[in-house]
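Comments concern the structure below.
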Amino acid sequence: MSPTLKQILFLSFFPCFLLYIIFLLSLRPRAQFRLPPTVPPRNGPPPRIAYFVSGTNNDGSRIFRLVLAAYHPRNYYLLHLDQAASGRQRDELALMVDSVQVFAAADNVKVVGKADAVNCDGSSPLALVLHGAAVLLRWRNDWDWFINLDAYDYPVIPQDDFLHAMSVIPRSYNFMVHSTNASSLDSQVIMDIIVDPRLYLLTKGKMFTGNKKREVPDAFKILMGSPHVILSRKFIEYAIQGWENLPRVLLLYFSNTRAPHKGYFQTLACNSKDFSSTLINSNMRSTVFDSTYQIDLTKSIVLDVNAMQGVAAFVENVSGDNKLLDVIDSQILQRSQRMVSPGGWCLGWSDWGRDPCLQWGDPLILRPGPAAERFEKHLLNLIGNETIGSSRCDQ
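As numbered in full-length UniProt numbering, residues 1 to 395 make up the sequence shown, in order.
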């Protein structure tokens, strides 16, 4: 057989062989993981969450990963890098957001262009949260809850599970860790007179502390707790618009305390007759101390994450290179790198590294997993432990 004939036969056979291989591959199961069945909406459409995600210098990529993990097309996401981050970092974060097709299609992820100056203490952290809430109210007014997240927070249940569980909760409830039994440290925080230079200086200045202390107020009850909150839209409107004078009075009082972001919303809710019965003593978070996860023990981490799922929707204080994030992505959220977490609205295939959420379905349809039932039970227990309609602030 001549070389030319061999070449002709080879060139004729090779395309047929490739087509045969492609045909065989098309017969393999296309789903990379088995998804639970979809669940139709109950009690009307699932709630919408307005997320305010904030960070500082070099936190842009971490914020982007957090939004991918906590994404759902019904929610809204407002992202903020403070003045410690450069304008270039804000531009890079905006470019990362623009690169995600589903973000552009849903038009529900925005980056704040003009940064606020923020200290760890003083009134600037509270001013930042109030600013974020006000922007979200102006941007969209059809959301149900406001949640503030930091760059070092991360979801420990899928958004479908979270929204499914929150569907059974009255949308007037506010979730804040709070206590009326102020410790000696909290009392010091309340009585110290502090002026935050971030309110009036372009550059970071030294915190001013008065040489005298003021008395603990008796015109209203002070509560202290966590700065991370889950607040109803009605309560946010009350805090921002203040149709009574109480929001302004408390804002003026707390503006000169050391940690107003840890007590303003708690104190406002518990001193308002309209909202004192809506407060639940939880912010749905679990705290991780990084030293726990320095050793690569994946099975141990999975057990810890499964335990979190029963009582928390988010984990905080997790470093960017922590093994925990990778375990949550692969084992809990079933999320691939640089893709959003899949849910009932995703109709595409997930094999061969493809993004199943490039093909949309109905965002009202949820696909809750086992964590949804455990988390829903936890929420109902939280509410059931209180007397419905009575003040929930005497704790």
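Beta carbons: idealized from backbone N, C-alpha and C, even for Gly.
Model, not experiment: these values are computed from the prediction.
Taken atom to atom, the span from the alpha-carbon of Leu324 to that of Arg214 is near 44 Å. Looking at the backbone, the Cα of Asp329 and that of Pro368 are separated by about 16 Å.
When C-beta atoms of the region 189-198 are compared with those of the region 121-140, three or more pairs fall below 8 Å, so the two segments count as touching.
Of the residues Val67, Lys273, Cys120, the one whose Cα lies closest to the Cα of Val109 is Val67.
Rounded to whole angstroms, the separation of the alpha carbons of Leu268 and Asp274 is 10 Å.
Of Glu92, Pro47, Leu95, the smallest CA-CA separation from Pro73 is found for Pro47. Beta-bridge analysis with DSSP links Ser54 to His80, Asp150. Around the beta carbon of Asn283, 16 or more other beta carbons lie within 10 angstroms, which makes this residue buried.
Put simply, the region 229-236 touches the region 163-175. At least three CB pairs are less than 8 Å apart. When Ile147, Leu79, Arg138 are compared, the shortest CA-CA separation from Lys114 is found for Leu79. Boundaries of the beta strand (DSSP E) harbouring Leu231: 230-232, taken from the DSSP string. Taking a cut-off of 8 Å for Cβ pairs, the region 368-377 and the region 128-148 do not touch, as fewer than three such pairs fall below it. Around Leu379, the same chain offers Ala165, Ile169 as residues with beta carbons nearer than 7 Å, after the five sequence neighbours per side are excluded. Here Leu223 is near His178, since their CB atoms are less than 8 Å apart. As DSSP reads the structure, Asn174 sits in a beta bridge with Leu279. Nearest neighbour of Pro247 by Cα position, chosen from Asn57, Ser272, Arg335, Leu81, turns out to be Ser272. In the assembly as shown, Phe314 is a buried residue. Its beta-carbon has 16 or more other beta-carbons within 10 Å.
Taking 8 Å as the cut-off, the beta carbon of Leu95 is found no closer than this to the beta carbon of Thr56. Assignment of Gly132 by DSSP, reduced to helix, strand and coil, places it in the helix class. In the displayed model, Met207 falls within coil according to three-state DSSP, outside both helix and strand. In the DSSP assignment, Arg258 forms no beta bridge with any residue. In the DSSP assignment, Cys346 forms a beta bridge with Trp360. About 6 Å separates the CB atoms of Tyr71 and Ser341; that is less than 8 Å, so the two are in contact.
By DSSP's assignment, Gly225 forms a beta bridge with His178. Only residues of its own chain outside the window of five on either side were considered, and among them Arg48 have a CB closer than 8 Å to the CB of Asp142, listed in chain order. Comparing alpha-carbon positions, the option among Arg140, Leu128, Glu92, Arg90 lying closest to Ala106 turns out to be Arg140. Collapsing the DSSP output to three states places Trp139 in a helix. According to DSSP, Ile49 shares a beta bridge with Trp145. Under the DSSP assignment, Ser336 falls outside any beta strand (DSSP E); it carries neither an H nor an E label.
Trp352 sits exposed, since fewer than 16 C-beta atoms from the chains shown fall within 10 Å of its C-beta. With respect to the C-alpha of Leu382, the residue from Gly60, Ala312, Thr180, Ser86 having the closest C-alpha is Ala312.
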